[in-house]
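Protein chains in written order, with this note's numbering: chain A, 8 to 230; chain B, 54 to 315. What follows is a short report on a single structure.
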């Protein structure tokens, strides 16, 4: 009988975190920023039909980076969670906080118990009447409540600095798009063609369902 | 409700994503009624109708619910949005019909969010048939739910109507459809009043007239009641989406129609 090698837990966690982080950093970043009329979710995505952002519930939206199959699984699970909760209780009882906690529990569980951790990071955004909520969940289940904006994937520190230096929550949608697209291109040192952006907004002016996708013309107006 | 998310995308093989209804079954949240034999007087919703007009469909329902010979509710809403491109109206046992509507609405939105596109109009009509069929055992005990469904078919660019029977049979209707206790009276009226290619105001007026005609012959159907400010529910669905016609628009038409009745 062969004895399994002893691996100290510190080493195990470190290895797993490094593995997950590498996978996420390779991907293209997404920025989730507040503007005067709502919340903008934007990132580079040359895929026209495989989305990284999406609607979860009336006021709640999702953005994910990393492995597509993994964050897609989380997105679908989130829609199921929200729809069941809204059906069983009331629509207003579905909140980003509840969902972010569920994601955090799930990712934390997978990080320590599964053979391979998920190489994903997600943001759950909720449009409020007065204040918005942005929750950032990491591959290991770390949950953070962000103010004003949240960055997913890529060189997070650099992008946080780029966007943080000139972001204001009362800026208009056009300004928010200009700021994020410029910052992402600067931080990734990469020129992104206008057709390769994907963006959605939680728009306060819409009816019950606040999420809508932006067309390419809205993201990069033809000049 | 547990806090961890069930991540079981394949559900034991490559099959279409689990529907919202099956998700509820798994959580023991599916609406069920276990009814012993016997009879029970519960509120019932009555006359509903739908018809095609030039740009789409219009759907209307009276506001009365009755339990036996008692008027149980005067302001029941029987016409609902199913999603942004379709509407559903209910007749029969009110409580169950309302739950069925909520389940239907949630299912359509659930599908749309997961697949990032709406179900086809035929797909929606077939799913509703399944919900009605699931109710069959209770129909034998007098708890009947019969909906009408209509919507704008984005592929065929036309309004379409569907009617149902208690066993979940789905029927495509051409021009107009009615159901409920005053349904035959409303249908008789529509037979003479409906013409192809009606404009929106004309279609709304014909719908009000048909409901008034039904309320005059059927005690379970409520007519417009200007004193209490109760008017029929009327909605339209066109390429631009679902629109609830506001009471202010219906009131003058209803008053005019009632005054013109012989």
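We put the beta carbon where it would ideally sit given N, CA and C, even for glycine.
Would you verify that the beta carbon of residue 73/B is, or is not, closer than 8 Å to some beta carbon of chain A? yes
Please tell me whether residue 204/B and residue 177/B are closer than 8 Å, where the distance is taken between their beta carbons. yes
In DSSP terms, what residue 50/A is bridged to: 37/A and 205/A
Simplified DSSP state of residue 187/A, which is helix, strand or coil: helix
Residue 77/B CB to nearest chain A CB: under 8 Å? yes
Are there 16 or more other CB atoms within 10 angstroms of the CB of residue 1/A, so buried, or fewer, so exposed? This structure leaves residue 1/A out entirely; chain A is present only between 8 and 230.
Listed by chain order, chain A residues near residue 167/B by CB distance under 7 Å: 83 and 86
How about residue 95/B and residue 146/B: do their beta carbons lie closer than 8 Å? Yes, Cβ-Cβ distance for residue 95/B and residue 146/B is below 8 Å.
Please name the residues in the stretch 94-114 of chain A whose beta-carbon is closer than 8 Å to at least one beta-carbon of chain B, in chain order. Within the stretch 94-114 of chain A, the residues whose Cβ lies closer than 8 Å to some Cβ of chain B are 94, 95, 108, 109, 110, 112 and 113, listed in chain order.
On the DSSP bridge assignment, give the partners of residue 214/B in chain order. Paired residue(s): 203/B and 226/B.
Looking at the unbroken alpha helix (DSSP H) that takes in residue 120/A, where does it start and where does it end? 103-120 is the span of the alpha helix (DSSP H), which, as asked, contains residue 120/A.
Counting only beta-carbon atoms, is residue 62/A nearer than 8 Å to chain B? yes
Does the Cβ-Cβ distance between residue 92/B and residue 233/B come in under 8 Å? no
By how many angstroms is the C-alpha of residue 158/B removed from the C-alpha of residue 179/B? 14 Å
Identify the contact partners of residue 58/A in chain B, using a Cβ-Cβ distance below 7 Å as the criterion. 169
How about residue 90/A: is its C-beta nearer than 8 Å to some C-beta of chain B? yes
Just grab the DSSP bridge partners of residue 62/A for me. 68/A
By alpha-carbon positions, which one of 198/A, 11/A, 64/A and 120/A ends up nearest to residue 134/A? 64/A
Entirely enclosed alpha helix (DSSP H) segments - the stretch 157-204 of chain B, minimum 4 residues: 174-187 and 189-192
Can you check whether the CB of residue 104/B is closer than 8 Å to the CB of residue 201/B? Going by C-beta atoms, residue 201/B is not nearer than 8 Å to residue 104/B.
Closer than 7 Å between beta carbons: that is the criterion. Which residues of the stretch 112-137 of chain B meet it against chain A? none
Inter-residue spacing [alpha-carbon to alpha-carbon] between residue 107/A and residue 199/A: 31 Å
Would you call the CB atoms of residue 127/A and residue 73/A closer than 8 Å? yes
What residues of chain A sit near residue 82/B, judged by a beta carbon separation below 8 Å? The answer, in chain order, is 91, 94 and 95.
For residue 325/B, the first and last residue of its enclosing beta strand (DSSP E): The first residue shown for chain B is 54 and the last is 315, placing residue 325/B beyond what the model contains.
If you pair each beta-carbon of the stretch 116-131 of chain B with each one of the stretch 243-261 of chain B, do three or more pairs fall below 8 Å? no
How about residue 90/B: is its C-beta nearer than 8 Å to some C-beta of chain A? no
For residue 338/B, which option in 192/B, 151/B, 186/B and 137/B has the closest C-alpha, if you only look at C-alpha atoms? Past the boundaries of the shown model lies residue 338/B; chain B is included only from 54 to 315, so the question cannot be answered.
If you draw a straight line from the alpha carbon of residue 40/A to that of residue 46/A, how long is it in whole angstroms? In a straight line, the C-alpha of residue 40/A is about 6 Å away from that of residue 46/A.
Give me, in chain order, the residues of the same chain whose beta-carbon lies closer than 8 Å to that of residue 63/B; leave out the 5 immediate sequence neighbours on both sides. Below a pLDDT of 50, predicted positions are generally treated as unreliable, and residue 63/B, at 47, falls in that range; no measurement from the model is reported.
Counterpart residues of residue 21/A in DSSP-defined beta bridges: Paired residue(s): none; residue 21/A is not in a bridge.
Which class does residue 85/B belong to by DSSP, given the choice of helix, strand or coil? coil
Could you say which of 102/A, 43/A and 125/A lies nearest to residue 113/A if we only look at CA atoms? 125/A
With 16 as the cutoff for other CB atoms within 10 Å, does residue 82/B come out buried or exposed? exposed
Chain A partners of residue 159/B, CB-CB under 7 Å? 90 and 94
Can you give me the Cβ contacts of residue 298/B inside the same chain, cut-off strictly under 7 Å, excluding the 5 residues immediately before and after it? 257, 287, 288 and 289
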